[in-house]
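Visitor:
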Amino acid sequence: MTRWRAARGGGVACAGVTLGWLCGCSSPSRPLECVPGLADCGSECADLQSDVAHCGGCGNVCAVGEACAEGACTQTCAAPLQTCGTGSSAYCVDTTSDVTNCGTCGNACSTGETCTLGTCHVGCTGGGWMFCGAECIDTSNDAAHCGACATACPVDQACAENACVPAASSPQPRLIVSLTADDTYAEQFTTMAPLLEAHGMRGTMMVNAGRIDLPGNLFLTTEQVVALQAVGHEIGSHGLTHQHLVVAQNLPDRIEREVCDSRADLLSRGFRVRTIAYPFGAVDGLAQSWAAKCGYTTGRLVGNLSSVRSPWSETIPPANPFELRAASSIFSVDTIDVAQDYVLNAESHADGVTPAWLILNFHRFCPGATCNPGLAWDTDIFAQFVAWLAARKPQGTVVRTISQVAPGPLMPAVWSNTPLVLNGDLESYLQGNAAPPDCWVYGHSGDNIAAWTQVAGRTGYGQQLVVTNYLNGSNSIVLSHGSSSYPDYKSCGIPVSPGRHYQLNCWFRSDVPVAFTLYKNDDYNDVVSPWMTTEASPASPSDWAQKTFGIMIPDGIVKYNTLFYGPYVTSVCSSGCLNGDNTATLVVDDCSAVDDTGAIDGEP
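When the sequence shown is numbered by the numbering used here, its final residue is 1908 and no position is left out of the sequence of numbers.
Here it is, written out as structure tokens:
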């Protein structure tokens, strides 16, 4: 608001300026004059665009609680409400929950959808599901919300069919089925969730934190995962970047990063993660121990239950909560009979006293399973199966999430304490010293003879390359980015985030110039491409030198993309790389990386 009031005497100050008429004030010898943009409203100059006492015209006073915007009185809204509309049509709305203004003014949800945390999604439908606070609750069996939100049963009672009953008389289901989905595919939000919700069911979605929000429409977005949790689906972890946790190069640091950082990242986004599905269903004692240390209370396998022989189902409680047995994943080749047989045989072999537990796992859904002939299941078949499963409730078969069956406390986040460069000292050899160091690979091209050996390094041991009979080509040692025996390269790369600056370095000694090359993987296409090459002058064969270079990660690179780098001996050097006798010797050791964003001039 801008307003100037007339002075009663000449020569007074007006807004800090003497001779007030210069800024729109009167004096005994000069009438009221208003500067451009202000209107003469009798005894004062006013901004008709923003003055609540002269809004749109002199004397037009806005009501108490209204503001003047663009010459019209408009509603003012206290946080967290937002003003939608303008002028007399303005109104206050909570865009986190308003179905006609979901997320932003004017964004109306479709018929049958609700708005949660600013995202339109299918609402709390089917069964006894109700929206209680920040999530959907099945009030038909939830002791804290029995029959209605915040209606808690006494501590010695349970909730059954929307009523509190003595725990001993609470009807026990014969079989509990948990429907899980791996790999973070978008169809779990667009297809699987709505079909489950229509029958009052909820699933457990096993999410890779590193796949959320990747470009394209293949994987789930943060908003979709928020909406899934809000309507009652459970969010679990499937590892950071979907790495096999039981392989020859099973570095403890690598497992810690995959298991801990996935859950910690998901927790930081507001997801209540208690369970993990081990990628490829593979786990050993080391991975299980990290699952426990990282705050999970359960861990799911796959392919351990059968539809034709024992074991038919998991026990409640499970013998080992970090080895929850599940049926083989349902794939495109499977008919509806395959999924039904798992259920029917688990039902028939249940003892009727303690509920049996069957975990079924899925990945993708699309018509005819054309989106992926291996992983996907036909949408129509899944819809038929869900309807068939819902109809089995009278026989004592119900659907619950994993944490509803095996509840546990929500533990705090545990971030990994691993270096950005795994095995940077080049001294871990789980495959034996004749192989490259763990998480590193040798590169060779052209017509030359190269020999790598472990030798005394700058600290401990390092890697020595001796090149002889050189005619052309190059030789290198680089962080692992894939091989036929070890395709899960991403967890050996340096995880980076957009807008951050990283400093990379290695110690080396050499009798020829060395080219250090940096590679990046392109989003989630598993394509690795060169990004930067920088040369290092030769150090004395007996003296160590440190090669350091920095890289700023542009906004186009998504979180958890990875970098790979290492030294090359090659003929493509500005000063010539090989000695006169076409030989070269390089020793490399102690490679590392650090996020030094705050230390870079001009960086935030």
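Heads up, the beta-carbon is just placed ideally off N, CA and C, and yes, glycines get one too.
1) I need the straight-line Cα distance from Thr1866 to Val1745, nearest angstrom please.
2) Are Gly1520 and Ile1580 touching if we call contact CB-CB under 8 Å?
3) Hey, Leu1549 and Ala1586: beta-carbon distance below 8 Å or not?
4) For Asp1684, does the count of other Cβ atoms within 10 angstroms reach 16, so buried, or fall short, so exposed?
5) Quick check on DSSP: helix, strand or coil for Ser1572?
6) Measure the CB-CB distance between Ala1631 and Leu1605 and report whether it falls below 8 Å.
7) In chain order, what residues of the same chain lie with their CB nearer than 7 Å to the CB of Thr1495, ignoring the 5 residues before and after it?
8) Would you mind giving the Cβ-Cβ distance between Val1459 and Thr1488, rounded to the nearest angstrom? I have them listed as a contact below 8 Å.
9) Within 10 angstroms of the Cβ of Gly1603, are there 16 or more other Cβ atoms? Answer buried if so, exposed if not.
10) Candidates Gln1353, Ala1448, Trp1811 and Ser1482: which alpha carbon is nearest Thr1375's?
11) Taking only heavy atoms of the ligand FMN into account, decide whether any of them is closer than 7 Å to the Cβ of His1805.
12) Would you be able to state if there are at least three C-beta pairs under 8 Å between the region 1647–1658 and the region 1435–1446?
13) Compare the C-alpha of Asn1676 against each of Gln1533, Leu1522, Gln1699 and Asn1779 and name the closest.
14) Is Trp1692 helix, strand or coil when you go by DSSP?
15) Suppose you measure from the CA of Thr1901 to the CA of Thr1837; what does that come to, to the nearest Å?
16) Can you check whether the CB of Gln1492 is closer than 8 Å to the CB of Leu1524?
17) Are the region 1557–1566 and the region 1527–1538 in contact at 8 Å, needing three or more beta carbon pairs?
18) Can you grab the Cα-Cα spacing for the pair Ala1456 / Cys1463, in whole Å?
19) Quick one: give me the first and last residue of the alpha helix (DSSP H) that Gly1589 is part of.
20) Pop quiz: Pro1716 and Gly1599 are said to be a contact at Cβ under 8 Å. What is the actual Cβ separation, rounded to whole angstroms?
21) Since Asn1865 sits in a beta bridge, which residues does DSSP pair it with?
22) For Glu1731, which option in Arg1704, Ala1760, Leu1648 and Gln1386 has the closest C-alpha, if you only look at C-alpha atoms?
23) Output needed for Phe1626: all residues of its chain with C-beta closer than 6 Å, excluding positions within five of it in sequence on either side, in chain order.
24) Using CA atoms only, rank isn't needed, just tell me which of Val1718, Asp1742, Ala1448 and Asp1355 is closest to Leu1571.
25) Can the beta-carbon of Phe1812 be found closer than 8 Å to that of Val1891?
26) Tell me which same chain residues have a C-beta within less than 6 Å of the C-beta of Cys1413, skipping the five on either side of it?
27) Consult DSSP for Thr1495 and reduce its assignment to one of helix, strand or coil.
28) Can you tell me whether DSSP reads Phe1584 as helix, strand or coil?
29) Which whole-angstrom value is the C-beta distance of Cys1436 and Cys1453, which I expect to be below 8 Å?
30) Using the beta-carbon count (16 or more within 10 Å), is Gln1767 buried or exposed?
31) Report, in whole angstroms, the separation of the C-beta atoms of Ile1753 and Gly1803, which I expect to be a contact under 8 Å.
32) Quick check on DSSP: helix, strand or coil for Phe1635?
33) From the DSSP output, in three-state form, read off Ala1623 for me.
34) Would you mind reading off the limits of the alpha helix (DSSP H) that contains Val1529?
35) Whose C-beta lies closer than 7 Å to the C-beta of Glu1465 among residues of the same chain, with five residues either side of it excluded?
36) Residue range of the alpha helix (DSSP H) that Val1709 falls in?
Guide: According to the structure data:
1) Whole-angstrom Cα-Cα distance: 16 Å.
2) Not a contact, by the Cβ cut-off of 8 Å.
3) Against a cut-off of 8 Å, the Cβ pair of Ala1586 and Leu1549 comes out as a contact.
4) So Asp1684 counts as exposed.
5) It is helical.
6) At a Cβ-Cβ threshold of 8 Å, Ala1631 and Leu1605 do not count as neighbours.
7) Here Thr1495 has Phe1669 and Thr1683 as same chain residues with Cβ atoms under 7 Å from its own Cβ, once five neighbours each way along the sequence are excluded.
8) Incorrect: roughly 38 Å between the Cβ atoms, too far for contact.
9) Flag for Gly1603 reads buried.
10) For the sequence presented, residue 1375 should be read as Gly rather than Thr. That would be Gln1353, whose Cα lies nearest to the Cα of Gly1375.
11) Of the ligands one can find in the structure shown there are none, so the ligand FMN has no counterpart to examine.
12) Counting C-beta pairs with one atom in each stretch, the region 1435–1446 and the region 1647–1658 have fewer than three that are closer than 8 Å, which means they do not touch.
13) Of the candidates Gln1533, Leu1522, Gln1699 and Asn1779, the residue whose Cα lies closest to the Cα of Asn1676 is Leu1522.
14) Here Trp1692 sits in helix by DSSP.
15) Approximately 21 Å, taken between the alpha carbons.
16) Judged by their CB atoms, Leu1524 and Gln1492 are nearer to each other than the 8 Å cut-off.
17) Not touching, per the Cβ criterion.
18) Taking the straight line from one Cα to the other gives about 9 Å.
19) Here the alpha helix (DSSP H) through Gly1589 covers Gly1589 to Lys1597.
20) About 6 Å; that satisfies the 8 Å criterion.
21) Note: Asn1865 sits in a beta bridge opposite Val1800.
22) Out of Arg1704, Ala1760, Leu1648 and Gln1386, Ala1760 has the C-alpha closest to the C-alpha of Glu1731.
23) Spatial neighbours of Phe1626 in its own chain (CB-CB distance under 6 Å, excluding positions within 5 residues in sequence) are listed in chain order as Gln1592, Ala1595 and Gly1603.
24) When each option's Cα is compared against that of Leu1571, the closest is Val1718.
25) For Phe1812 and Val1891, yes; Cβs fall inside 8 Å.
26) Val1403, Cys1406, Cys1419 and Cys1424, listed in sequence order.
27) In the three-state DSSP reduction, Thr1495 falls in the helix class (H, G or I).
28) Three-state DSSP puts Phe1584 in a helix.
29) About 4 Å separates the Cβ atoms of Cys1436 and Cys1453, confirming a contact at the 8 Å cut-off.
30) Buried, by the Cβ-count rule.
31) Going by Cβ atoms, the distance from Ile1753 to Gly1803 rounds to 44 Å, so no, they are not a contact pair.
32) In the structure shown, the three-state DSSP call for Phe1635 is coil.
33) DSSP places Ala1623 in coil when its eight states are reduced to three.
34) Val1529 -> alpha helix (DSSP H) spans Thr1526 to Ala1534.
35) The residues are Ser1444.
36) It spans Ile1706 to Val1709 - the alpha helix (DSSP H) in which Val1709 sits, taken as one unbroken run.
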